[in-house]
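Novice:
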Amino acid sequence: MRQINTYGDMRGRIAFKEDFRNPVHALQNLHLQPSYLTLARARYAINRSTSTAHLRQCRRALHNRKLHVNHPPKDAYKVFETTLPVVERSDCFGPYTGAVYLYSDWSRALQEYLDVSQKPDTLEGYIDLCSRRSAQTKMYMEMCVALHAWRKEYAEAQNLVKDVNTKFSKGLATREGLNFWDMMNTPTYSLLMKQKNASLEEIQYLDYKTLEAAIAAELVKVVESRSRRAHEAGYSTCRRAVEKHYNRLRALKQETPLPSLPSFRGLPTIRQIQQSVGQSEKEVDTSLQSQPIQTLVHSELAKFHLEAKNSLAAILGFQNWKSPSSRKLHPADRLTARFQCRTCHRVEAKYKDFGSLDYAGAIMHSCSVTLDKSIPQRPFKAARFEKDTKAIAAISSLLEACDISEDEKGSHELLSAIGPRVLCLSCDAQIILEPLDVIGHSHRHESMSLAILPQDEASKILGDHPLSHGLTARLTSKGKISLEMRKLKVYMCRHCMQVKPKIMSIPTTGMAAETTSGNTLSTSTPAAITKTNISINIDDSVPTTDTHLKAVADTAIRKVHSPAAKPCRKPATYIFDGLRSHLKELHKIGSVRDEDFICTQELQWPKK
23 MRQINTYGDM RGRIAFKEDF RNPVHALQNL HLQPSYLTLA RARYAINRST STAHLRQCRR
83 ALHNRKLHVN HPPKDAYKVF ETTLPVVERS DCFGPYTGAV YLYSDWSRAL QEYLDVSQKP
143 DTLEGYIDLC SRRSAQTKMY MEMCVALHAW RKEYAEAQNL VKDVNTKFSK GLATREGLNF
203 WDMMNTPTYS LLMKQKNASL EEIQYLDYKT LEAAIAAELV KVVESRSRRA HEAGYSTCRR
263 AVEKHYNRLR ALKQETPLPS LPSFRGLPTI RQIQQSVGQS EKEVDTSLQS QPIQTLVHSE
323 LAKFHLEAKN SLAAILGFQN WKSPSSRKLH PADRLTARFQ CRTCHRVEAK YKDFGSLDYA
383 GAIMHSCSVT LDKSIPQRPF KAARFEKDTK AIAAISSLLE ACDISEDEKG SHELLSAIGP
443 RVLCLSCDAQ IILEPLDVIG HSHRHESMSL AILPQDEASK ILGDHPLSHG LTARLTSKGK
503 ISLEMRKLKV YMCRHCMQVK PKIMSIPTTG MAAETTSGNT LSTSTPAAIT KTNISINIDD
563 SVPTTDTHLK AVADTAIRKV HSPAAKPCRK PATYIFDGLR SHLKELHKIG SVRDEDFICT
623 QELQWPKK
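Numbering (the numbering used here), first residue to last: 23 to 630.
1. Using the C-alpha atoms, what's the distance from His387 back to Arg364?
2. Applying the criterion that 16 or more other CB atoms from any shown protein chain within 10 Å of the CB defines a buried residue, is Trp128 buried or exposed?
3. Please report how far the alpha carbon of Ala171 lies from the alpha carbon of Val186, in whole angstroms.
4. How long is the line joining the alpha carbons of Ala220 and His253, rounded to whole angstroms?
5. Let me confirm a value: Ala273 is counted as buried when at least 16 other C-beta atoms fall within 10 Å, else exposed. Which label applies?
6. Could you please give me the residues that DSSP links to Glu240 through a beta bridge?
7. Would you list the residues sitting across from Glu408 in a DSSP beta bridge?
8. Around the Cβ of Ala384, are there at least 16 other Cβ atoms within 10 angstroms (buried) or fewer (exposed)?
9. On the DSSP letters alone, give me the boundaries of the beta strand (DSSP E) that Phe619 sits inside.
10. Using only the alpha-carbon positions, how far apart do Asp429 and His352 sit?
11. Are the stretch 438 to 451 and the stretch 460 to 476 touching, with three or more C-beta to C-beta distances below 8 Å?
12. Do the stretch 253 to 262 and the stretch 220 to 233 touch if we need at least three Cβ pairs shorter than 8 Å?
13. Could you give the distance in angstroms between the alpha-carbon of Leu222 and the alpha-carbon of Lys184?
14. In whole angstroms, what is the alpha-carbon distance linking Asp568 and His434?
15. Tell me Lys431's beta-bridge partners as DSSP assigns them.
16. Does the structure place the stretch 462 to 471 close enough to the stretch 375 to 383 that three or more beta carbon pairs sit under 8 Å?
17. Assess, as a yes-or-no matter, whether the stretch 306 to 320 is touched by the stretch 401 to 419 under the definition of 3 or more beta carbon pairs within less than 8 Å.
18. Once the 5 residues before and after Lys409 are set aside, which same chain residues still bring their CB inside 7 Å of it?
19. Would you verify that the beta carbon of Ser212 is, or is not, closer than 8 Å to some beta carbon of chain D?
20. Helix, strand or coil: how does DSSP classify Glu624 here?
21. Do the CB positions of Met514 and Thr595 come within less than 8 Å of each other?
22. For the putative contact between Ala14 and Trp343, defined by C-beta atoms under 8 Å, what is the C-beta separation to the nearest angstrom?
23. Does the distance from the CB of Asp618 to the CB of Arg508 come in under 8 Å?
24. CA-CA distance, Val643 and Met205?
25. Would the beta-carbon of Asp616 fall within 8 Å of that of His487?
26. Starting from Cys449, trace the alpha helix (DSSP H) in both directions and tell me its first and last residue.
27. Buried or exposed for Ile149, please, with buried defined as at least 16 other CB atoms from any protein chain shown within 10 angstroms of its CB.
28. Under 8 Å between the Cβ atoms of His517 and His609?
29. Closest to Ala179 by CA distance: which of Gln301, Glu224, Leu421 is it?
30. What are the residues that DSSP puts in a beta bridge with Val369?
31. Output the boundary residues of the alpha helix (DSSP H) element that contains Ile426.
32. If the criterion is Cβ atoms closer than 8 Å, does the pair Thr159 and Thr104 meet it?
33. For Asn559, which residues of its own chain have a beta-carbon under 8 Å away from its beta-carbon, when the five flanking residues on both sides are left out?
34. What span of residues does the beta strand (DSSP E) with Tyr99 cover, start to end?
35. Where does His267 land, buried or exposed, given buried means 16+ other C-beta within 10 angstroms?
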């Protein structure tokens, strides 16, 4: 065979990694192997075949592409046959009786012979050259046989030395009180083991004593690393159990409202349980559901809520608020308690329509990840929040107009019972709002003015299309159905339809009356406002308590002349994305809300 090529040997080693997995791949990569490995690799690949058909395929591929079988031999070829390396045994590749050569060697030698045969004057020199090559090939083949024999003896001796050194290492580890595999995996001892095995030398105790300090230091690192990994695994297990318990409390609506998960982890009992790394996840979960732990967590949550409410109340201007009455709402629980995050200035999807957070939203808030930076999830801290001035001013005006005390228990239910009768006086059109929609709508105006209309007046403005609460959220959600609904051309702009009439009288409702001209609302003179002008229409769903009746009567619209709103031109219909563009360009409204549009047909949403 040809002389060993170092570069080819390196490429052969790389290709040989694939031989263990794919015999056909090995045959395809035979050109990468050095010549002294080629046939051995091919034979190995064939033996790796798992079926008779596959074995036959591999043999055929090897025979057709890489081997040449010279049977029966021709006398003319005897001139150069002895110059080629030959397989000593041909039966390993099939039922061959002739000599087996590499196809590339045979083709090169045959072509050289044919070229010389055309020139009789060079034939004698070619025969002499073949004689010298034959002698070299014979010496080379003898060297290969000797090399193979040496390699076999070396491998046997190396295996024997490996066994001896491994046995010595096990005894050494037992004698020194060390973990055998830890010692074997230390860089110092593993290198010593490799060097001794390669040089066929046995490890002596003196060799270990020389390197004992380095091996001991590395073993300490191994033990510490294993201990850290075990602690981290146990800590992660406890954290998963705590998160599972937290999600269970949320699903069952226990301990409502719950703080965010980082704040929940910060409770003393929960923090202590998370550090009990010796327990399994099931044991931790059982412990969390036990009655003593639930009692402790309940008391700690009560303490957390008290501190959180007091700190948020201080932001609202109620420093050290206390009240002996159980009928008074804490400032943080009132409708006028609205907060915004100083860090991310965002709200969760639940509060998207409001644009700000109430107490429950504030303690549950987790800062969103922005495009330019990742904000770590941290426990609740009141200093990260500020009050939503616009929303607080608007909802305070609404409560005052309805004669509902903000610190009265049940104020939320009383305000919601008003229904869609709130008229925004700051909009260019007659936009009717649900009472709680005032919170989100207030962010459109620097100073929002509003009034409460009788039910029939509000219904007249809304026409045949009442407010569809939550429709915007469903249309802007992800999913194919929402996308299909947005493509329907069934949406119309309320700002174009519900234009203001030229003459209309409204109450001041505790606010300064605004007098405008043109296509806007104008207040009547004080002389025109009398008790006979009051128009009251109380819906059956509205509470009929004396307090509430007085609120509606005192704040009802004083009407002089209020024709139904008529559009200047026939309103156009849009797809939802077209409606958004229309609102942004014509009415300068960037965020679409439920009160901004109507849907001319009932959308068929899939049932949940």
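Heads up, the beta-carbon is just placed ideally off N, CA and C, and yes, glycines get one too.
Specialist: Taking the geometry as given:
1. As a working mapping, residue 364 is identified with position 342 in the sequence shown. As a working mapping, residue 387 is identified with position 365 in the sequence shown. CA-to-CA, the gap between Arg364 and His387 works out to about 12 Å.
2. Within the sequence shown, numbered from 1, the residue matching residue 128 stands at position 106. Buried: at least 16 other Cβ atoms inside 10 Å.
3. Here residue 171 refers to the residue found at position 149 when the sequence shown is read from its first residue. Here residue 186 refers to the residue found at position 164 when the sequence shown is read from its first residue. Using only the alpha carbons, I get a separation of about 23 Å.
4. Counting from one through the sequence shown, the residue named residue 220 turns up at place 198. Counting from one through the sequence shown, the residue named residue 253 turns up at place 231. If you take the alpha carbons of Ala220 and His253, they lie about 39 Å apart.
5. Walking along the sequence shown from the start, residue 273 turns up at place 251. When all chains shown are included, Ala273 counts as exposed.
6. What you label residue 240 is simply residue 218 of the sequence shown in a count that begins at 1. Per DSSP, none; premise fails for Glu240.
7. Walking along the sequence shown from the start, residue 408 turns up at place 386. In the DSSP output, where bridge partners are listed per residue, Glu408 has Gln362.
8. Walking along the sequence shown from the start, residue 384 turns up at place 362. With 16 or more Cβ atoms within 10 Å of its Cβ, Ala384 is classed as buried.
9. Residue 619 sits at position 597 when you count from the first residue of the sequence shown. The continuous beta strand (DSSP E) containing Phe619 extends over residues 619 to 621.
10. Numbered from 1 along the sequence shown, position 407 holds the residue referred to as residue 429. Numbered from 1 along the sequence shown, position 330 holds the residue referred to as residue 352. Roughly 7 Å separates the two Cα atoms.
11. Contact check between the stretch 438 to 451 and the stretch 460 to 476: three or more CB pairs, one atom from each, fall below 8 Å, which counts as touching.
12. Touching, no, given that fewer than three Cβ pairs across the two stretches are closer than 8 Å.
13. Here residue 222 corresponds to residue number 200 of the sequence shown, with the count starting at 1. Here residue 184 corresponds to residue number 162 of the sequence shown, with the count starting at 1. Rounded to the nearest angstrom, the two C-alpha atoms are 8 Å apart.
14. Mapped onto the sequence shown, residue 568 falls at position 546. Mapped onto the sequence shown, residue 434 falls at position 412. At Asp568, the pLDDT of 42 sits below 50, so the modelled position is not reliable; the number obtained from the coordinates is stated separately. Roughly 17 Å between the two C-alpha positions.
15. In the sequence shown, the residue the question calls residue 431 occupies position 409. For Lys431, which the question treats as bridged, DSSP gives no partner whatsoever.
16. The stretch 375 to 383, when compared against the stretch 462 to 471, does touch it at the 8 Å Cβ threshold.
17. Touching, no, given that fewer than three Cβ pairs across the two stretches are closer than 8 Å.
18. For the purposes of this step, residue 409 is taken as residue 387 along the sequence shown, with counting starting at 1. The residues are Ile337, Leu338, Arg360, Phe361.
19. Absence of chain D from the displayed structure is noted, only one protein chain being present.
20. Here residue 624 refers to the residue found at position 602 of the sequence shown. Coil, per DSSP.
21. Along the sequence shown, one-based indexing puts residue 514 at 492. Along the sequence shown, one-based indexing puts residue 595 at 573. With contacts defined as CB atoms closer than 8 Å, Met514 and Thr595 qualify as a contacting pair.
22. Nothing can be reported for residue 14: it is not among the residues displayed for the chain, which extend from 23 to 630.
23. Counting from 1 along the sequence shown, the entry for residue 618 is found at position 596. Counting from 1 along the sequence shown, the entry for residue 508 is found at position 486. The answer is no: Cβ separation not under 8 Å.
24. Outside the displayed range of the chain (23 to 630) lies residue 643, so it cannot be described from this structure.
25. Within the sequence shown, numbered from 1, the residue matching residue 616 stands at position 594. Within the sequence shown, numbered from 1, the residue matching residue 487 stands at position 465. Cβ distance not < 8 Å, so Asp616 and His487 don't count as in contact.
26. Counting from one through the sequence shown, the residue named residue 449 turns up at place 427. Going by DSSP, Cys449 is part of no alpha helix (DSSP H) at all; its letter is neither H nor E.
27. On the sequence shown, position 127 is the one that residue 149 refers to. Exposed, because fewer than 16 other Cβ atoms sit within 10 Å of the Cβ of Ile149.
28. To locate residue 517, count along the sequence shown from 1; it is residue 495. To locate residue 609, count along the sequence shown from 1; it is residue 587. In terms of Cβ geometry, His517 and His609 form a close pair [threshold 8 Å].
29. For the purposes of this step, residue 179 is taken as the residue at position 157 of the sequence shown. With distances taken between Cα atoms, Ala179 lies closest to Glu224.
30. Locating residue 369 in the sequence shown gives position 347, where the first residue counts as 1. According to DSSP, which records beta bridges pairwise, Val369 is partnered with nothing at all.
31. Numbered from its first residue, the sequence shown carries residue 426 at position 404. No alpha helix (DSSP H) contains Ile426, which DSSP labels as neither H nor E.
32. By one-based count along the sequence shown, residue 159 stands at place 137. By one-based count along the sequence shown, residue 104 stands at place 82. In this structure, Thr104 lies closer than 8 Å to Thr159 by Cβ.
33. Counting from one through the sequence shown, the residue named residue 559 turns up at place 537. Only weak support exists for where Asn559 lies, its pLDDT of 36 falling under 50; the value from the coordinates is given anyway. Closer than 8 Å at the Cβ level, and outside the excluded window around Asn559, lie Pro476, Gln477, Asp478, Glu479.
34. Here residue 99 is taken as the residue at index 77 of the sequence shown, counted from 1. No beta strand (DSSP E) holds Tyr99; DSSP gives it neither H nor E.
35. The sequence position of residue 267 within the sequence shown is 245, counting from 1. Within 10 angstroms of the beta-carbon of His267 lie 16 or more other beta-carbons, which makes it buried.
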